[in-house]
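Trainee:
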Amino acid sequence: MQDSVKPDGITPSQTVGPFFKYGLTPTGDYAWNDAFTNSTLTPDVSGDRVRIEGRVLDGDGAIVPDAMLEIWQADAQGRYADPQDKRALPNASFRGFARCGTDKDGNYSFDTIKPGAVPDADGKPQAPHIVLAVFARGMLRHLYTRIYFSDEAGNAADPVLALVPADRRATLIAVREAGKAVYKLDLRLQGDSETVFFDV
Numbered sequence: 001m002q003d004s005v006k007p008d009g010i011t012p013s014q015t016v017g018p019f020f021k022y023g024l025t026p027t028g029d030y031a032w033n034d035a036f037t038n039s040t041l042t043p044d045v046s047g048d049r050v051r052i053e054g055r056v057l058d059g060d061g062a063i064v065p066d067a068m069l070e071i072w073q074a075d076a077q078g079r080y081a082d083p084q085d086k087r088a089l090p091n092a093s094f095r096g097f098a099r100c101g102t103d104k105d106g107n108y109s110f111d112t113i114k115p116g117a118v119p120d121a122d123g124k125p126q127a128p129h130i131v132l133a134v135f136a137r138g139m140l141r142h143l144y145t146r147i148y149f150s151d152e153a154g155n156a157a158d159p160v161l162a163l164v165p166a167d168r169r170a171t172l173i174a175v176r177e178a179g180k181a182v183y184k185l186d187l188r189l190q191g192d193s194e195t196v197f198f199d200v
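Read in order, the letters of the sequence shown are residues 1 to 200 in the UniProt record's numbering.
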């Protein structure tokens, strides 16, 4: 038999979607349970419960109906559920991780608690924030960004937010709805008002 033909040079990597919609965010559409949900809330959790919601949009402003988002955050006392964080965890069941897919209208939502302030690598306090990873069709690698909160005074001194040009910081700040514990933040993958994404 003839040997199989091998391509010359480097071939492109697989994009990150939309296969994860089926395998990682079934949300009851398939015959198994989600490995993770869009909620970090646990029976012993303490802190202010909030909802973060918005839409994922592509470079043309069209909705992305099959993106996947993951969050990772500290608890309300600024402690991570990670072996590298040696401080005692008052919320023993809280893991700080959640995952969701966008719906047919590009909407996402997370139910969680507002995280506490955490120090950066130099020990400087950071404003409360949530790390967000975005997976979507056509992207060779997932994107990393942060979610800050519009009603946090610490934003002004946050060392990471200070690295972002002033006219683009709003793309990272979830705005609280009047009278509700709901924060709104749309994510734009490209184009005008593109969300700031970080190299990590």
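C-beta: ideal position from N, C-alpha, C; glycine also.
Predicted model only: the values in this text are computed from it and were never measured.
Are the CB atoms of residue 149 and residue 176 within a distance shorter than 8 Å?
Mentor: By 1-based counting over the sequence shown, the position of residue 176 is 176. By 1-based counting over the sequence shown, the position of residue 149 is 149. Their beta carbons are under 8 Å apart, which means residue 176 touches residue 149 by this criterion.
Trainee: Spatial neighbours of residue 93 within its chain, please: CB distance less than 8 Å, with the 5 preceding and 5 following residues excluded, ordered by chain position.
Mentor: Locating residue 93 in the sequence shown gives position 93, where the first residue counts as 1. Same-chain partners within the cutoff: 42, 43, 44, 45.
Trainee: State the Cα-Cα distance for the pair residue 122 and residue 104, rounded to the nearest angstrom.
Mentor: Position 122 of the sequence shown, counting from 1, holds the residue named residue 122. Position 104 of the sequence shown, counting from 1, holds the residue named residue 104. Answer to the nearest angstrom: the Cα atoms are 42 Å apart.
Trainee: Could you name the residues of the same chain whose beta carbon sits closer than 6 Å to that of residue 133, not counting the 5 residues immediately before and after it, in chain order?
Mentor: Reading the sequence shown from its first residue, position 133 is the one you call residue 133. 70, 142, 144, listed in sequence order.
Trainee: For a quick check, are the C-beta atoms of residue 185 and residue 54 less than 8 Å apart?
Mentor: As a first step, residue 185 must be located in the sequence shown, where it is residue number 185. As a first step, residue 54 must be located in the sequence shown, where it is residue number 54. Contact flag set, yes.
Trainee: Among 100, 59, 110, whose alpha-carbon lies nearest the alpha-carbon of residue 139?
Mentor: By 1-based counting over the sequence shown, the position of residue 139 is 139. Closest by alpha carbon: 59.
Trainee: Shortest alpha-carbon distance to residue 65 belongs to which of 128, 151, 106?
Mentor: Translated into positions along the sequence shown, residue 65 becomes position 65. Considering only alpha carbons, the answer is 106.
Trainee: Consult DSSP for residue 101 and reduce its assignment to one of helix, strand or coil.
Mentor: In the sequence shown, residue 101 corresponds to position 101, counting from 1. Reduced to three states, the DSSP call for residue 101 is strand.
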